[in-house]
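Just so you know, the protein sequences line up as chains A and B, in that order.
Going by the numbering used here, the first residue of the first sequence is number 113, and it counts up by one from there.
Going by the numbering used here, the first residue of the second sequence is number 120, and it counts up by one from there.
Glycine included, each C-beta is placed from N, C-alpha and C at the ideal position.
Since we're looking at a predicted model, the values are computed, not measured.
To start, the structure under review is shown below, and the notes come after it.
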Amino acid sequence: GENVEQHPSTLSVQEGDSAVIKCTYSDSASNYFPWYKQELGKRPQLIIDIRSNVGEKKDQRIAVTLNKTAKHFSLHITETQPEDSAVYFCAATPFGATGANNLFFGTGTRLTVIP
Amino acid sequence: DVKVTQSSRYLVKRTGEKVFLECVQDMDHENMFWYRQDPGLGLRLIYFSYDVKMKEKGDIPEGYSVSREKKERFSLILESASTNQTSMYLCASSTLSDEQFFGPGTRLTVL
Chain A
113 GENVEQHPST
123 LSVQEGDSAV
133 IKCTYSDSAS
143 NYFPWYKQEL
153 GKRPQLIIDI
163 RSNVGEKKDQ
173 RIAVTLNKTA
183 KHFSLHITET
193 QPEDSAVYFC
203 AATPFGATGA
213 NNLFFGTGTR
223 LTVIP
Chain B
120 DVKVTQSSRY
130 LVKRTGEKVF
140 LECVQDMDHE
150 NMFWYRQDPG
160 LGLRLIYFSY
170 DVKMKEKGDI
180 PEGYSVSREK
190 KERFSLILES
200 ASTNQTSMYL
210 CASSTLSDEQ
220 FFGPGTRLTV
230 L
């Protein structure tokens, strides 16, 4: 099955700086890569996703890049704010391989934005 | 707005008890999932279902079973709870090709 590795496990940045979280995956059939944000005590929520026919996607201060050849994808957060502090999870799935889009998650990155 | 609800936020059970965790979604989603979340291990898939009465094992199905008798409801069953099943359990649902929406989670403690 798919194996997703995520780094770093913890990340501290000054408010206003950028944060980058990286993930690698093992299954070349994976074609959907979502990122979830989980604030303390709350449920994970999708913040951005990318499909394998796209190399980069941006939504305001958040961007995701995908390198299919190298099998890695990254989350970039610019101009970080204290409310960006949370645990971020990357995931991958080979859509269409089964009847459901079961996601394979990374182990998470705890981001702390220091005011 | 998609709503995924779980029967309990906190649950305390004793070793050997049978435990039922229920998840209900109101968006007519085909797919439903059960994960457990442990510090440093991320979200690990226990079981998933892509249709009524259909179920598939995830990465860590041992010690668990599931039931999906109705499209909107997906139950996780711990036949004989053990202390190593103390964890946060998250349910999720999705359409065939879209994002997964998570429930609020159930923090289960097995004494």
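Can you find a CB in chain B that lies within less than 8 Å of the CB of F201/A? yes
Do V138/B and R192/B count as a contact pair if the criterion is CB distance below 8 Å? no
Determine the chain B residues that contact N143/A at a beta-carbon separation under 7 Å, and present them in chain order. Chain B residues near N143/A: none, gap ~10 Å exceeds 7 Å.
Kindly indicate which residue of P227/A, N214/A, T190/A has the alpha-carbon position closest to the one of A204/A. N214/A
Which residues share a DSSP beta bridge with Y137/A? V116/A
What are the residues of the region 130–158 of chain B that lie near chain A, defined by any Cβ-Cβ distance shorter than 7 Å? N150, F152
Decide if M173/B is buried, meaning its Cβ has at least 16 other Cβ atoms within 10 Å, or exposed. Burial state of M173/B is exposed, judged by a 10 Å Cβ sphere holding fewer than 16 other Cβ atoms.
Quick check: T219/A and Q118/A, are their CB atoms within less than 8 Å of each other? yes
D139/A touches chain B at which residues, Cβ-Cβ below 8 Å? Chain B residues near D139/A: none, gap ~14 Å exceeds 8 Å.
Taking G220/A as the query, report the chain B residues whose CB atoms sit under 7 Å from its CB, ordered along the chain. The contacting residues are G161.
Run through the DSSP bridge pairs and tell me what V171/B is partnered with. DSSP, once it has assigned bridges, lists no residue as partnering V171/B.
Supposed contact pair Y148/A and I159/A - C-beta distance, whole angstroms, cut 8 Å: 7 Å
Limits of the unbroken beta strand (DSSP E) element including V94/B: Nothing about residue 94/B can be reported from this structure: the residues present for chain B run from 120 to 230 only.
Indicate whether the contact test is met: 3 or more Cβ pairs, each with one atom in the region 122–129 of chain A and one in the region 167–182 of chain A, closer than 8 Å. no
Please list, in chain order, the chain A residues whose beta carbon lies closer than 8 Å to that of L209/B. R155, P156
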